[in-house]
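Below: the structure, in structure tokens.
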Amino acid sequence: MIFQKLKISSRLITFLDIIVIVFMFIFLKSYFSVHKYSYTTKKNGLKIVSTIRNKKLNQNNFMIINLTIQNTTRKDKIIEINRKNIFNIIVEKDNKVIYKSDILDIKRERSKKIKLAQRGELKLSYEWDLTSNFKEEITTGNYKVTVYSLDLDISHSYDIEIIEEEN
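Start counting at 1 in the sequence shown, then tack on 91, and there's your number in the numbering used here.
Below, the structure written as structure tokens:
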């Protein structure tokens, strides 16, 4: 009888431990969660995902844009890149271009070929430091960020807000 009580109590402790661990993970996930906003395009056996971290940015912060190209087929894929950059960004405020990552949109003399193995991934990143290359002042307000690639034939738009820096 004593052994039966120990077996029951050990099961209760294990069950309670599991509940505590689950609540701990839920709390940690919500505490450390970073809101990600992404768009996905599927074309020719490729899954192309562009992601930004936050839609609200402080004035003295920066924005990171990630692009993931994934081969979803069971065969190797070759991506042909004819431009200098695989992807570019344009930032607009009130339909006026504030920033463009590659102003000249330079074309390569020889195209670059990237081989993606079956189910392979290529991860790229770009950082915008909230400055303008058209001598415009970056103020608080709403902006439109467009991530595009002429080689991959994609265009994803995000609406972001730049807010005053909090002390």
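All C-beta atoms, glycine included, are put in the ideal place defined by N, C-alpha and C. Just so it is clear, the structure is predicted and the values come from calculations on it, not from any experiment.
Within 10 angstroms of the beta-carbon of M115 lie fewer than 16 other beta-carbons, which makes it exposed.
When D242, L158, Y234 and I110 are compared, the shortest CA-CA separation from R199 is found for D242. Sequence-distant Cβ neighbours of N157 in its own chain, meaning closer than 6 Å and more than five residues away, are T142 and S216. Contact between S129 and F178 is ruled out by a C-beta separation of about 14 Å, above the 8 Å threshold. Per DSSP, reduced to three states, the secondary structure at K146 is coil, with no helix or strand assignment. Here DSSP, grouped into helix, strand and coil, assigns I117 to helix. Remark: three or more beta-carbon pairs, one from each stretch, lie closer than 8 Å, so the segment 179–190 and the segment 222–241 are flagged as touching. Only residues of its own chain outside the window of five on either side were considered, and among them I139 and T163 have a CB closer than 8 Å to the CB of K133, listed in chain order.
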